[in-house]
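Visitor: Chains as they are written, first to last, in my numbering: chain A, 1 to 117; chain B, 1001 to 1112. Built from N, CA and C at the ideal position, the CB exists for glycine as well. Predicted model only: the values in this text are computed from it and were never measured. I'd like to ask you about the structure that follows.
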């Protein structure tokens, strides 16, 4: 089946620095990718929908300038957490789906554990 | 709008017990329904899916039937194992296939 690869799996950064997380679809072209945030023992919170070649669509309450999303190609989307603070520490997950196929599942990356110290 | 309501957790069962995790949905049109599983520290993996009414999805001993009349997609397993301990998410994909909607997740712990 289709695979979505997310990198890095975990990262520790200092407060005030920026961190980039990559999400790649390995064997299909993803015109749309999704970024989620998951707090401990809680559900997935959709942060934004990443669209290839255009601006990302952010969910209400998500700071666009804080969480920069770039969908550079049909196989790569990146999430950059800018000027990170400890409260940004979380588990971030991306997903992608083969376009035009309603009945197919979404494929998820393995997630990135971000810790801001 | 579209939404998924999932049974609150956490759930703790003894090995070989019967498992049911309830999931109901609200949707317009003809959504597809999914169950995902998340093991600690990992992303989500598809467990099973059903794409139309009365379809039954099954995998690894888990089953769920798409019930349009009750708008439900309950997850069941006849005999759980310790290795089934994880968080389970019910999800639907809208008719257009553009968006996934997740339930809140149910944490399952199976004790020997």
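1. Looking at the C-beta of residue 1109 of chain B, does it have a partner C-beta in chain A at a distance below 8 Å?
2. Between residue 66 of chain A and chain D, is the shortest Cβ-Cβ distance under 8 Å, so that the two count as touching?
3. In this structure, how does DSSP classify residue 87 of chain A when only helix, strand and coil are distinguished?
4. Can you tell me the Cα-Cα spacing of residue 1054 of chain B and residue 16 of chain A, whole angstroms?
5. Any idea if residue 69 of chain A is buried or exposed, counting beta-carbon neighbours within 10 angstroms, 16 or more meaning buried?
6. Can you pull the chain A neighbours of residue 1057 of chain B, defined as C-beta to C-beta under 8 Å?
7. Evaluate the contact criterion for the segment 33-44 of chain A versus the segment 1097-1106 of chain B: three or more CB pairs, one atom per stretch, below 8 Å.
8. Around the Cβ of residue 1021 of chain B, are there at least 16 other Cβ atoms within 10 angstroms (buried) or fewer (exposed)?
9. Tell me the DSSP secondary structure of residue 1072 of chain B in three-state form.
10. Flag this pair as yes or no: are the beta carbons of residue 1044 of chain B and residue 1064 of chain B separated by less than 8 Å?
11. Applying the criterion that 16 or more other CB atoms from any shown protein chain within 10 Å of the CB defines a buried residue, is residue 1034 of chain B buried or exposed?
12. For residue 36 of chain A, which residues of its own chain have a beta-carbon under 8 Å away from its beta-carbon, when the five flanking residues on both sides are left out?
13. Please report how far the alpha carbon of residue 1079 of chain B lies from the alpha carbon of residue 1109 of chain B, in whole angstroms.
14. Using a Cβ-Cβ cut-off of less than 8 Å, list which residues of the segment 1030-1049 of chain B approach chain A; keep chain order.
15. Apart from the five residues just before and just after residue 111 of chain A, which ones in its own chain have a Cβ nearer than 6 Å to its Cβ?
16. Can at least three beta-carbon pairs, one atom from the segment 77-89 of chain A and one from the segment 6-24 of chain A, be found at a separation below 8 Å?
17. Shortest alpha-carbon distance to residue 1003 of chain B belongs to which of B/1062, B/1018, B/1090?
18. Taking the alpha carbon of residue 73 of chain A as the reference point, which residue from A/32, A/38, A/97 has its own alpha carbon closest?
19. Does DSSP put residue 1083 of chain B in a helix, a strand or coil?
20. Assign residue 88 of chain A to buried or exposed, taking buried as 16 or more other Cβ atoms, counted over all protein chains shown, within 10 Å of its Cβ.
21. Mapping DSSP to helix, strand and coil, what is residue 70 of chain A?
22. So for residue 38 of chain A, helix, strand or coil by DSSP?
23. Buried or exposed, going by whether 16 or more other CB atoms sit within 10 Å of the CB of residue 1084 of chain B?
24. Measuring alpha carbon to alpha carbon, tell me which residue in B/1017, B/1027, B/1095, B/1074 is nearest residue 1057 of chain B.
25. Tell me the rounded alpha-carbon separation between residue 61 of chain A and residue 49 of chain A.
Guide: According to the structure shown:
1. Taking the first residue of the second chain as 1, we reach residue 1109 of chain B at position 109. No, its Cβ sits nowhere closer than 8 Å to a Cβ of chain A.
2. Of the chains in the structure shown, none is chain D; the protein chains are A and B.
3. Walking along the first chain from the start, residue 87 of chain A turns up at place 87. Secondary structure at residue 87 of chain A: helix, using DSSP grouped into helix, strand and coil.
4. Counting from one through the second chain, the residue named residue 1054 of chain B turns up at place 54. Counting from one through the first chain, the residue named residue 16 of chain A turns up at place 16. Those two C-alpha atoms are separated by around 52 Å.
5. Counting from one through the first chain, the residue named residue 69 of chain A turns up at place 69. Result: buried.
6. Counting from one through the second chain, the residue named residue 1057 of chain B turns up at place 57. Residues of chain A passing the Cβ test: none, with the nearest at roughly 11 Å.
7. Counting Cβ pairs under 8 Å, three or more are found: they touch.
8. To locate residue 1021 of chain B, count along the second chain from 1; it is residue 21. Here residue 1021 of chain B is buried, its C-beta having at least 16 other C-beta atoms within 10 Å.
9. As a working mapping, residue 1072 of chain B is identified with position 72 in the second chain. When DSSP states are grouped into helix, strand and coil, residue 1072 of chain B belongs to the strand group.
10. Walking along the second chain from the start, residue 1044 of chain B turns up at place 44. Walking along the second chain from the start, residue 1064 of chain B turns up at place 64. No. Outside cutoff.
11. Translated into positions along the second chain, residue 1034 of chain B becomes position 34. Counting of Cβ neighbours within 10 angstroms places residue 1034 of chain B among the buried residues, the total reaching 16 or more.
12. For the purposes of this step, residue 36 of chain A is taken as residue 36 along the first chain, with counting starting at 1. Within the same chain, residue 36 of chain A has close Cβ partners 44, 45, 46, 47, 92, 93, 94, 95.
13. In the second chain, the residue the question calls residue 1079 of chain B occupies position 79. In the second chain, the residue the question calls residue 1109 of chain B occupies position 109. Residue 1079 of chain B and residue 1109 of chain B: Cα-Cα distance of roughly 13 Å.
14. Result list: 1032, 1034, 1036, 1041, 1042, 1043, 1044, 1045, 1046, 1049.
15. Here residue 111 of chain A is taken as the residue at index 111 of the first chain, counted from 1. Correct list, in chain order: 91, 93.
16. Flag = yes, the segment 77-89 of chain A and the segment 6-24 of chain A touch.
17. One-based indexing of the second chain puts residue 1003 of chain B at position 3. It is B/1090.
18. In the first chain, counting from the first residue as 1, residue 73 of chain A sits at position 73. The candidate whose alpha carbon is nearest that of residue 73 of chain A is A/32.
19. If you number the second chain from 1, residue 1083 of chain B lands on position 83. Reduced to three states, the DSSP call for residue 1083 of chain B is helix.
20. Indexing the first chain from 1 puts residue 88 of chain A at position 88. By the 10 Å Cβ count, residue 88 of chain A comes out buried.
21. Start at 1 with the first residue of the first chain, and residue 70 of chain A comes out as number 70. Reduced to three states, the DSSP call for residue 70 of chain A is strand.
22. Your numbering for residue 38 of chain A matches position 38 in the first chain. Reduced to three states, the DSSP call for residue 38 of chain A is strand.
23. Locating residue 1084 of chain B in the second chain gives position 84, where the first residue counts as 1. With 16 or more other Cβ atoms within 10 Å, it is buried.
24. Your numbering for residue 1057 of chain B matches position 57 in the second chain. That would be B/1074, whose Cα lies nearest to the Cα of residue 1057 of chain B.
25. What you label residue 61 of chain A is simply residue 61 of the first chain in a count that begins at 1. What you label residue 49 of chain A is simply residue 49 of the first chain in a count that begins at 1. Put simply, the backbone Cα of residue 61 of chain A is about 14 Å away from that of residue 49 of chain A.
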